[in-house]
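All remarks here apply to the structure that follows.
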Amino acid sequence: MSEILVLVEQVDGEVKKVTLELLTLARSLGTPSAVWAGPGFTADAKARLAEYGAEKVYVAGSADVVDYVVAPKAELLAQLVGSAAPSAVLVAATAEGKEVAGRLAVKTDSGVITDAVGVGDGLVADQSIFGGGVNVHSRVTKGTPIIAVRPNSTAPSPAPAAGAEEEVSVALSDAAKASKIVDRVKQEKGARPELTEAAIVVSGGRGVGSAENFSVIENLADVLGAAVGASRAATDAGWYPHQFQVGQTGKTVSPQLYIAAGISGAIQHRAGMQTAKTIIAINKDPEAPIFELADFGVVGDLHQVVPQLADEVSKRK
């Protein structure tokens, strides 16, 4: 089968869940080959990638690949596209991943698809566009298809493969070294999962009422082992940090379960969460637009409904 390159997302040598999703997806399209950019490749990382189907792991262990902003990863992938001639390149549709995809498309004179929520036969991608108002099928018709896939679009499943390691080196251009990273500050990781990778997200909106009341949302999230999100109205009001905003101008999530509490369902917010597998809406306004999108809806005051829901979940643990 044809080779599919998957750019590995990792933190301190730990492979992120979205990479396992991409490897799972790549197995349905061809033969997955993982691409490790930068230092930190370990036997554990190799075993993890092989566990989820990587037949080969290209390792570019030079610090130069990660000491400069984004561009070196695009040059590394461009070199591999030239030497390995893969059928496609899959990256995570994160802020950095989409920039890598765009740069790679220019370097290889290829077409690029971003924010795909699925890829099927013939490398036809499913996309949600125009603020989430339209679902389309897209296919690259020029060069090597480069596809950025949203996290949580594919359920990761193991399928052990060889994971043969192959070291590669890349000669970076002067342009790729134009912006150097001079310092890194490690953010303390909380107990909750990362918003864009979480399987469950509990979000609060204007209906929460205040920053203090967001503890109701956080409590339900902690009971479910979920991430916390917020609507633009809530973040603009200063009730919750902007990095947790879900929506067209915030983060895009595709969890297995999305609970929207006190969120009206404006198109801006819907664009960031409507690809969730199951959506539960809690709102005291029965005419709220969010109910048009929800799989299950509860008409009621979130300050009464959410604590009861948290209690019931706790009882079943």
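Residue numbers (the working numbering): 22 to 338.
All residues carry an ideal CB built from backbone N, CA and C; glycine is no exception.
Here's a check: name, in chain order, each residue in its chain whose Cβ is nearer than 6 Å to the Cβ of residue i, leaving out the five neighbours to either side.
i, result
"THR40", "VAL29, GLU30"
"ILE303", "ALA282, VAL319, LEU323, VAL326"
"GLN277", "ALA220, LYS298"
"GLY61", "GLY34"
"LYS94", "ALA58, VAL121"
Please classify residue i: does DSSP put it in a helix, a strand, or coil?
i, result
"ILE202", "coil"
"VAL56", "strand"
"ALA169", "strand"
"THR299", "strand"
Please name the residue or residues paired with residue i in a DSSP beta bridge.
i, result
"GLY139", "ASP147"
"GLU187", "TYR79"
"ASN304", "VAL320"
"VAL267", "LYS272"
"GLN31", "VAL36"
"VAL155", "ILE150"
"ILE288", "In DSSP, ILE288 forms no bridge with anything."
Anyone know if the C-beta pair for residue i and residue j falls short of 8 Å?
i, j, result
"VAL327", "ALA254", "no"
"LEU98", "LEU125", "yes"
"ALA169", "ALA113", "yes"
"GLU76", "THR52", "yes"
"VAL229", "PHE235", "yes"
"SER224", "ILE288", "no"
"ALA81", "VAL189", "yes"
"GLU186", "LYS67", "yes"
"LEU16", "ALA183", "The requested residue 16 is not part of the displayed model; the chain covers only 22 to 338."
In chain order, what residues of the same chain lie with their CB nearer than 8 Å to the CB of residue i, ignoring the 5 residues before and after it?
i, result
"LYS163", "ASP130, SER131, GLY132"
What residues in its chain sit with their C-beta under 7 Å from that of residue i, if we drop five residues either side in the sequence?
i, result
"LEU314", "GLY286, ARG291, GLN295, ILE300"
"ARG69", "VAL36"
"ASN179", "A small fix is needed here, since residue 179 is Pro in this sequence, not Asn. Taken in chain order, the residues that qualify are GLU72, TYR73."
Exercise for review: Would you check if there are 3 or more beta carbon pairs closer than 8 Å linking the segment 267 to 285 to the segment 187 to 200?
Suggested key: With a cut-off of 8 Å, the segment 187 to 200 and the segment 267 to 285 do not count as touching, because too few Cβ pairs lie within range.
Q: Please confirm if the segment 101 to 108 is in contact with the segment 211 to 228, defined as three or more CB-CB distances below 8 Å between the two stretches.
A: Taking one beta carbon from each stretch, the segment 101 to 108 and the segment 211 to 228 have fewer than 3 pairs nearer than 8 Å; the two do not touch.
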